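Below is one structure, written out as structure tokens, with a few remarks after it.
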Amino acid sequence: MVDVTDHELVPEHEILDEEVLEEVLGEYDIDRTDLPKIKRLDPAIPDGAEVGDVVKVTRDSRTTDRAVVYRLVVE
Amino acid sequence: MSTDQSPKEIGSLSFGLMNPEEYREMSATKVITADTYDDDGFPIDMGLMDPRLGVIDPGLECKTCGKHSGSCNGHFGHIELAAPVIHVGFSKLIRRLLRGTCRECSRLCLTEDEASEFRSQLERTRQLGEDLNDVTKSAIRQARKQDRCPHCGEEQFDIQHEKPTTYYEVQDVLHSEYSEMVAAAMEGRPVPQMDEDPESTEREPMPPQDLSEETGIEVSRINEILSGEFRPKEDMRKRIETALDIDLTEEDMNKLMASDIRDWFEDIPDEDIETLGIDPAKSRPEWIILTVLPVPPVTARPSITLDNGQRSEDDLTHKLVDIIRINQRFMENREAGAPQLIIEDLWELLQYHVTTFMDNEISGTPPARHRSGRPLKTLSQRLKGKEGRFRGSLSGKRVNFSARTVISPDPTLSLNEVGVPERVASEMTQTMNVNERNLDDARRYVANGPEGHPGANYVRRPDGRRLKVTEKNCEELAEKVEPGWEVARHLIDGDIVIFNRQPSLHRMSIMAHEVVVMPYKTFRLNTTVCPPYNADFDGDEMNMHALQNEEARAEARVLMRVQEQILSPRFGENIIGAIQDHISGTYLLTHENPRFNETQALDLLRATAIDELPAPDGELSKTSQADGGADGEPYWTGRTVFSELLPDGLELEFTSSAGDTVLIEDGQLTEGTIDEDAVGAFGGEIVDTICKLHSNTRARQFVNEVATLAMRSIMHFGFSIAIDDESIEPEAEAQIDEAVENAEERVQELISTYDAGELESLPGRTVDETLEMKIMQTLGQARDSAGDIAEEYFQDDNPAVIMARSGARGSMLNLTQMAGCVGQQAVRGERINRGYEGRTLSHYLPDDLSADAHGFVENSYRSGLTPREFFFHAMGGREGLVDTAVRTSKSGYLQRRLINALSELETQYDGTVRDTSDNIVQFEFGEDSTSPVEVSSDADNDIDVEAITERVLDEEFADESEKAEFLSREAVETNISEHQDSWKTGRTAGVGTEVESDD
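Line by line, the protein sequences are chains A and B. Start counting the first sequence at 1; every next residue gets the next number (UniProt numbering). Start counting the second sequence at 1; every next residue gets the next number (UniProt numbering).
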């Protein structure tokens with residue numbers, strides 16, 4: 001099987017710690033359900049991601065060098 | 001506007017079913033007669049036009065609220081239905097509820113655990129803002145699997161739904177010919193009702209005694225069964241079935257009447273409804289089955305009086321008449337004790353009428369029709385679709401103060417302006433609040449009357465009375481006008497209006513212009529605003545809207561004016577700029593840098609703001625051949641003339657589309673050709689730079705002046721094109737013929753290698769494909785070389801060449817096709833292969849692979865195409881036409897979907913882009929929080945941060961020394977407190993040690 005996370009076009013996904021998450025949610029003043037979603041079975045997310053976790057995606061951007069997006073793992 | 005109520009904000013909306021009791025309560029009257037008006041033309045009491053349902057005739061008073069027509073919104077009435085009827089809009093929900101709940105105890109066929117699981121799932125999806133239907137659907141699917149109710153143990157049957165409103169329960173019942181079947185099985189004969197192949201099945205005969213022993217049924221009972229006198233009950237039936245190895249059941253469709261369904265739904269407990277995502281406090285499922293039908297107010301279905309005095313009723317009224325008639329017949333028949341069959345027929349008829357009253361486009365039911373055969377427009381037809389209430393009357397509506405007419409060009413207007421025909425200007429008005437200072441103007445407008453141009457159509461006195469200005473009363477009225485009055489005056493020069501061309505695909509399709517009132521009947525535009533509107537003058541029409549309050553006018557002026565839209569947010573460069581002849585004009589002016597004497601130079605600049613020429617570039621001399629005479633006269637070059645339009649201090653260097661380097665130093669064009677890349681719409685460097693570095697106003701001025709200068713210059717040189725401009729010398733033609741012949745020979749060679757089976761296939765292609773590709777390639781090269789030959793023979797001053805090189809219009813390819821060779825025609829990206837079997841036309845031999853048999857046009861447009869070539873060319877041309885037609889309709893729909901998806905997204909103050917329910921779409925607008933209009937950069941054009949800082953610093957300081965001083969300045973140590981160091985570190989240093997006590 002191909003591991004898509006190794007592909008150069010797949011950006012880095014990492015699971016966010018609770019504390020960091022609280023900080024992020026506080027910064028934007030939102031609930032985690034307001035975040036964009038990602039499927040739990042999405043091949044790009046790290047193993048062990050559970051429904052309800054938040055994944056931090058750091059990707060190359062056409063307009064900035066790096067763009068950070070947080071996504072809530074859903075079913 | 002109502003003044004007695006303060007505006008309220010809508011907090012939330014909730015949708016649910018309506019309680020029939022509520023219908024009765026809000027009803028103004030019960031409707032019992034199908035008649036509308038009596039012989040004298042008065043509405044009948046308790047009829048469909050009952051005056052309590054609202055008023056439509058002016059002058060009458062509403063019997064319910066006492067208001068007059070216009071202020072009375074109308075009131076609902078109701079019809080008591082003789083029998084419950086299904087609401088078509090809920091037919092799917094009814095099916096789901098029937099399938100998911102028990103036929104006996106009406107409880108949801110799920111265990112407590114399953115139900116609570118679904119409830120929590122519902123809660124979660126609700127939080128995520130996703131579709132609740134997915135959960136409820138799966139809950140029903142789960143409940144449907146159960147054969148028996150987990151609560152009462154009752155057996156569950158399958159529910160069949162026959163669209164739109166019939167439901168059946170599929171049950172197994174005793175076969176109607178059970179006695180024959182049992183007899184046959186006992187005698188060992190094949191049972192015709194179940195054995196498909198009577199010959200092959202073998203049965204042991206079984207006398208009644210044996211059967212009695214095996215099943216425990218008395219012999220007399222068995223005989224009764226055999227004679228058909230006794231119908232075996234379920235458990236007896238099963239014993240016989242096992243003993244005889246037969247199936248005595250058959251499927252029976254038991255129709256569920258609306259009243260049965262209503263009883264069934266009444267018993268569904270509240271908590272089970274909640275599991276299905278319905279709020280029991282707001283909606284009970286039995287309310288889906290109608291027992292009362294609300295009658296819409298007359299204001300929603302007004303009748304119209306025709307010219308001949310006849311009244312014509314609204315479609316809804318017609319439908320309601322049908323419903324009431326059938327309802328009455330149903331009641332009469334039931335009271336008279338009519339047979340069940342007739343009652344059921346009437347019930348179905350009532351159901352049909354109520355169904356079509358709500359939706360007349362249901363598949364499977366014939367639409368209810370008007371006497372003329374036209375299908376009736378009932379409730380759902382009023383709401384649905386493009387012309388429906390939502391898309392047709394709420395999202396978009398016809399407006400006042402708008403005008404539409406044909407557009408035509410006017411190069412003398414500024415790009416900010418629009419020429420408005422006098423007739424339009426004197427129809428569309430602006431409200432003038434009269435005060436001491438504009439009193440004279442206001443009186444003059446009124447005195448001019450509605451016909452004279454800067455006139456007025458209406459005045460409003462301070463008491464609110466509105467008077468029409470007529471030719472007769474205008475003089476008289478003008479004297480009465482005082483401060484405090486309002487005058488609706490005609491549009492005059494300088495008013496701001498909104499101008500629009502459909503399709504409005506981007507925001508530059510609607511821009512604000514300043515009015516210039518003009519004679520004749522078309523809207524006039526500066527040609528430079530054609531690109532943003534995508535307008536041309538082949539009959540295009542555009543719309544204009546006059547703004548009606550100061551706020552709108554101010555916003556339009558500041559945000560929507562054409563000059564504010566020069567830069568397109570689509571690609572961050574200018575979308576307004578020189579087009580077509582403007583570009584040819586600047587090209588002629590600057591390419592060879594021609595010389596002009598004083599008269600000529602002044603003539604070029606006469607329409608611009610420049611009224612003084614700079615120092616001449618030199619003196620004309622006899623020796624120079626270009627100067628043609630006039631000795632000693634001073635001259636100005638084209639570039640110098642053009643430089644007059646540039647802002648002082650402009651520094652720019654770029655490559656023009658003609659290929660040379662354009663150099664602008666301190667606002668002087670020193671080198672290069674000004675063409676599309678410099679001043680054109682869609683990213684002309686100079687326009688773009690002026691817009692970003694100077695201002696929109698300066699850019700507007702520049703574009704206007706470039707356009708006028710270019711027009712003057714193209715008129716100076718003269719510019720025309722004719723068929724002879726595309727002709728080339730015979731020797732060139734011979735060369736082209738030779739090149740084409742060569743190519744055709746090479747194609748023949750390819751074909752013969754292919755026929756000999758020697759053609760090597762390219763990787764991943766078959767031999768056939770390889771041949772096709774190679775032929776296409778060869779012929780493509782042939783056309784290109786024909787083009788090259790033709791290009792070589794064209795003079796540089798050939799107008800077609802000038803247009804192609806400068807980017808004004810057309811390309812070298814177009815020229816090649818006109819002068820050299822049209823080339824291969826293609827359909828679907830391949831050579832033309834369609835037509836007959838093995839050949840394109842019967843003029844060719846079958847399987848002829850040669851160039852001309854598959855659509856290669858070796859002639860040029862100028863020399864003319866042969867009939868066969870013409871035919872192939874038409875095939876290729878047709879494809880292009882079809883493609884554009886399909887593309888526009890596809891992109892229109894795509895546009896609509898995109899707008900709907902993105903319409904409520906908004907950038908918040910924290911830089912995030914969110915939708916209306918606060919879901920984050922982007923964490924940072926565009927990931928860099930920058931507007932493409934303010935900053936532009938792309939792959940090969942980075943943001944030049946250095947240059948920007950340099951420029952900002954240069955603007956900030958008067959001279960170098962000041963700047964150097966500022967840059968070298970070091971942060972001065974402040975000394976406001978002894979504790980400042982601790983503030984910085986956040987550490988409290990030496991508390992108590994150095995602080996002296998206050999006392």
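Quick reminder that beta carbons are idealized off the backbone N, C-alpha and C, glycines included. All of these numbers come straight from a predicted model, not from anything done at the bench.
Which residues in chain A sit within 9 Å of residue i, going by Cβ to Cβ distance?
| i | result |
| --- | --- |
| residue 278 of chain B | Those do not exist, as residue 278 of chain B stays about 23 Å from chain A at its closest Cβ, beyond 9 Å. |
Return the chain-ordered list of same chain residues with a C-beta closer than 7 Å to the C-beta of residue i, the five sequence neighbours on each side being excluded.
| i | result |
| --- | --- |
| residue 616 of chain B | 634, 635, 636 |
| residue 237 of chain B | 174, 248 |
| residue 99 of chain B | 140, 144, 159 |
| residue 793 of chain B | 728, 729, 732 |
| residue 26 of chain B | 76 |
| residue 522 of chain B | 405, 406, 407, 408, 421 |
| residue 990 of chain B | A caution first: residue 990 of chain B carries a pLDDT of 43, below 50, which makes its placement in the model too unreliable to give a value. |
Could you name the residues of chain A that residue i contacts, counting a contact when the two beta carbons are closer than 7 Å?
| i | result |
| --- | --- |
| residue 127 of chain B | 33 |
| residue 36 of chain B | Within chain A, no residue comes near residue 36 of chain B; the closest Cβ sits about 54 Å away, beyond 7 Å. |
| residue 927 of chain B | 61, 63, 64, 67 |
Which residue or residues does DSSP assign as beta-bridge partners of residue i?
| i | result |
| --- | --- |
| residue 40 of chain B | Per DSSP, none; premise fails for residue 40 of chain B. |
| residue 680 of chain B | B/578 |
| residue 768 of chain B | Per DSSP, none; premise fails for residue 768 of chain B. |
| residue 403 of chain B | B/544 |
| residue 826 of chain B | B/831 |
| residue 72 of chain B | B/69 |
| residue 501 of chain B | Note: residue 501 of chain B sits in no beta bridge, so no partner. |
| residue 72 of chain A | A/37, A/54 |
| residue 636 of chain B | B/596 |
| residue 433 of chain B | B/486 |
| residue 77 of chain B | B/295 |
| residue 1002 of chain B | Lying before the first or after the last residue shown, residue 1002 of chain B is absent from chain B, which here runs from 1 to 999. |
| residue 839 of chain B | B/836 |
| residue 1008 of chain B | Residue 1008 of chain B cannot be examined here, being either before or after the span of chain B that is shown, 1 to 999. |
Check the Cβ of residue i against every Cβ in chain A and list those closer than 8 Å, keeping chain order.
| i | result |
| --- | --- |
| residue 912 of chain B | 28 |
Excluding the five sequence neighbours on either side, which residues of its own chain have a C-beta within less than 8 Å of the C-beta of residue i, listed in chain order?
| i | result |
| --- | --- |
| residue 479 of chain B | 443 |
| residue 908 of chain B | 914 |
| residue 648 of chain B | 666, 667 |
| residue 847 of chain B | 838, 839 |
| residue 996 of chain B | Residue confidence is low: residue 996 of chain B scores 40 on pLDDT, short of 50, so the model does not pin down where it sits. Its coordinate-derived value is still stated next. Taken in chain order, the list of residues that qualify is empty. |
| residue 167 of chain B | 94, 95, 98, 159, 160, 161, 255, 256, 261 |
| residue 510 of chain B | 498, 499, 500, 504, 560 |
| residue 179 of chain B | 225, 226, 227, 228 |
Could you name the residues of chain B that residue i contacts, counting a contact when the two beta carbons are closer than 8 Å?
| i | result |
| --- | --- |
| residue 36 of chain A | 919, 920, 921 |
| residue 74 of chain A | 128 |
Leaving out the 5 sequence neighbours to the left and right, which residues in its chain are closer than 6 Å to residue i when beta-carbon positions are compared?
| i | result |
| --- | --- |
| residue 55 of chain B | 62, 69, 72 |
| residue 258 of chain B | 84, 85, 86, 289 |
| residue 526 of chain B | 413, 415 |
| residue 619 of chain B | 632, 634 |
At least one CB of chain D closer than 8 Å to the CB of residue i: is that the case?
| i | result |
| --- | --- |
| residue 586 of chain B | This model lacks chain D altogether, as its protein chains are A and B. |
Open item on the list: Under 8 Å, with one C-beta from each stretch per pair, do the stretch 58-77 of chain B and the stretch 305-314 of chain B reach the 3-pair mark?
Closed with: no
Task: Inter-stretch contact (C-beta, 8 Å, three-pair minimum) for the stretch 396-408 of chain B and the stretch 422-437 of chain B - done: yes
Task: Entirely enclosed beta strand (DSSP E) segments - the stretch 129-175 of chain B, minimum 3 residues - done: 158-162, 166-174
- [ ] Please confirm if the stretch 408-425 of chain B is in contact with the stretch 466-482 of chain B, defined as three or more CB-CB distances below 8 Å between the two stretches.
- [x] The stretch 408-425 of chain B vs the stretch 466-482 of chain B: no contact.
TODO: Output the residue ranges of the alpha helix (DSSP H) runs that lie fully inside the stretch 845-910 of chain B and measure 4 residues or longer, sorted by chain position.
DONE: Correct list: 867-902.
Open item on the list: Check whether the stretch 659-674 of chain B and the stretch 541-550 of chain B are in contact - that is, three or more C-beta pairs closer than 8 Å.
Closed with: no
Open item on the list: Three Cβ pairs or more, each shorter than 8 Å: is that satisfied between the stretch 526-541 of chain B and the stretch 574-583 of chain B?
Closed with: yes
Task: Whole runs of the beta strand (DSSP E) within the stretch 377-422 of chain B, excluding any shorter than 3 residues - done: 402-409, 417-421
Open item on the list: Count Cβ pairs between the stretch 578-594 of chain B and the stretch 695-713 of chain B that sit closer than 8 Å; are there 3 or more?
Closed with: yes
Open item on the list: Report the start-end ranges of each beta strand (DSSP E) in the stretch 653-680 of chain B that is 3 residues or longer and not cut off at the edges.
Closed with: 661-665, 668-671
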